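For reference, the structure discussed in these notes is given below.
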Amino acid sequence: MRNLADSELQDPKLSDWDAGWRNADTTPSAIHALLLLADNNEKGLQQVAKDVLSQSADFGIQVRVQEQGKRLKEGPEGKEHDIEHFGYADGVSQPLYLSDDVSPEGPSPTAGIWS
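Numbering-wise (the UniProt record's numbering), the sequence shown opens with residue 1 and increments by one.
What follows is the structure, encoded as structure tokens:
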């Protein structure tokens, strides 16, 4: 698979990867686990993340990468709507293949905003 990255998949060169995902010599870093934490309460989430990091160190777990994300919204205040993380309008990124799956009401009201 690694050889495909340079040719068929056209993935970025290892030297262009963010430091946490590769070793200093630009070989891929061995990542053995991924933990995703999410909550609507940001302060509570921050506390849980802090606790997890502390407990991880107690077990000899080395955290290589930390990334944070937020819910994407668009629209006037009070009337925001969620948008999907790849830039598609809600529901549009799930293509319908069968005519039975198509809604008789027509496309989503947000269809076309991002696609």
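Cβ atoms here follow ideal geometry from the backbone N, Cα and C, with glycine treated the same way.
Predicted model, so just to flag it, every value in this text is computed and none were measured.
Exercise for review: Let me know the secondary structure DSSP gives D100 once reduced to three states.
Suggested key: Note: D100 maps to helix in three-state DSSP.
Review point. With 16 other CB atoms within 10 Å as the buried threshold, where does E42 fall?
Key: Residue environment analysis places E42 among the exposed positions, since fewer than 16 neighbouring C-beta atoms fall within 10 angstroms of its C-beta.
Review point. Would S115 be called buried (16 or more neighbouring beta carbons within 10 Å of its own) or exposed?
Key: The predicted model places S115 with a pLDDT of 46, which falls under 50 and marks its position as unreliable; any figure quoted below should be read in that light. Under this definition S115 is an exposed residue.
Point to revise | C-alpha distance - P28 paired with R64, whole-angstrom precision | key: Inter-residue distance for P28 and R64 is about 12 Å (C-alpha atoms, whole angstroms).
Review point. Relative to the alpha-carbon of L36, which residue among I83, S99, G69 has its alpha-carbon at the smallest distance?
Key: Of the residues I83, S99, G69, the one whose Cα lies closest to the Cα of L36 is G69.
**Study point:** As assigned by DSSP and simplified to three states, the class of E67
**Key:** The answer is coil: DSSP assigns E67 none of H, G, I, E or B.
Review point. To which residues of the same chain is K73 closer than 8 Å at the C-beta, ignoring the five residues directly before and after it?
Key: E80, H81, D82, I83, listed in sequence order.
Practice item. Just confirm the distance between the C-beta atoms of D39 and L45, as a whole number of angstroms; I'd bet it's less than 8 Å. Key: So it is a contact: roughly 4 Å between Cβ atoms.
Review point. Run through DSSP, which three-state label would D16 get?
Key: When secondary structure is reduced to three states using DSSP, D16 falls in the helix class.
Practice item. Inspect the beta-carbon positions of R22 and L14 and report whether they are closer than 8 Å. Key: Pairing R22 with L14 gives a Cβ-Cβ distance under 8 Å.
**Study point:** Where D11 falls: helix, strand or coil (DSSP)
**Key:** Of the three classes helix, strand and coil, the one that applies to D11 here is coil, per DSSP.
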